[in-house]
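Using full-length UniProt numbering, read the sequence shown as starting at 1 and increasing by one per residue. For every residue, glycine included, the Cβ atom is placed at its ideal position computed from N, Cα and C. Note that the coordinates shown come from a computational prediction; the quantities given were computed from them, not determined experimentally. I have placed the structure first, in the form of structure tokens, so that the comments after it can refer back to it.
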Amino acid sequence: MTQPTRPDPQESRLAGQPAPRPIHPVPAREDHRPSYDELMAQTDSTDYSPLAGHLDDETRSALGLPAAPRPLVIDHQLLQRIRAHLLDNPAKVAALPDSIRDLIHL
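Take a look at the structure:
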């Protein structure tokens with residue numbers, strides 16, 4: 001059995017080339033990183049109401065929600081139920097606009 005040969009580093013096409021340098025400056029170090037409680041408080045302030053207009057009758061009935069013309073207030077708990085239902089039906093998620101998909105994936 002023959003041993004695999006290792007290439008000579010001096011024969012590399014990059015031998016003798018300067019090391020690449022970053023194009024942009026290094027981002028400044030953040031002094032404050034939000035805690036878990038602060039991140040959870042942000043989810044409570046997120047407005048999920050645009051999602052209500054994109055729920056079809058089948059989704060509303062599957063979740064036990066009122067029919068389409070009636071207004072719907074979506075809080076974080078209801079969003080979790082809607083998210084679970086929609087993620088089980090990927091075709092419905094694909095039909096939603098990007099902004100609504102972003103709300104679902106927050």
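Quick one: is residue 161 buried, meaning 16 or more other Cβ sit within 10 Å of its Cβ, or exposed?
Residue 161 lies beyond the stretch modelled for the chain, which goes from 1 to 106, so this question has no answer here.
What's the C-alpha gap between R33 and P27?
Counting from one through the sequence shown, the residue named residue 33 turns up at place 33. Counting from one through the sequence shown, the residue named residue 27 turns up at place 27. If you take the alpha carbons of R33 and P27, they lie about 15 Å apart.
Three-state secondary structure (DSSP) at H76?
Numbered from its first residue, the sequence shown carries residue 76 at position 76. Reduced to three states, the DSSP call for H76 is helix.
Cβ of I74 within 8 Å of Cβ of S49?
Here residue 74 is taken as the residue at index 74 of the sequence shown, counted from 1. Here residue 49 is taken as the residue at index 49 of the sequence shown, counted from 1. Yes. Within cutoff.
What would DSSP say about Q17, mapped onto helix, strand or coil?
Here residue 17 is taken as the residue at index 17 of the sequence shown, counted from 1. Residue state, collapsed to three classes: coil.
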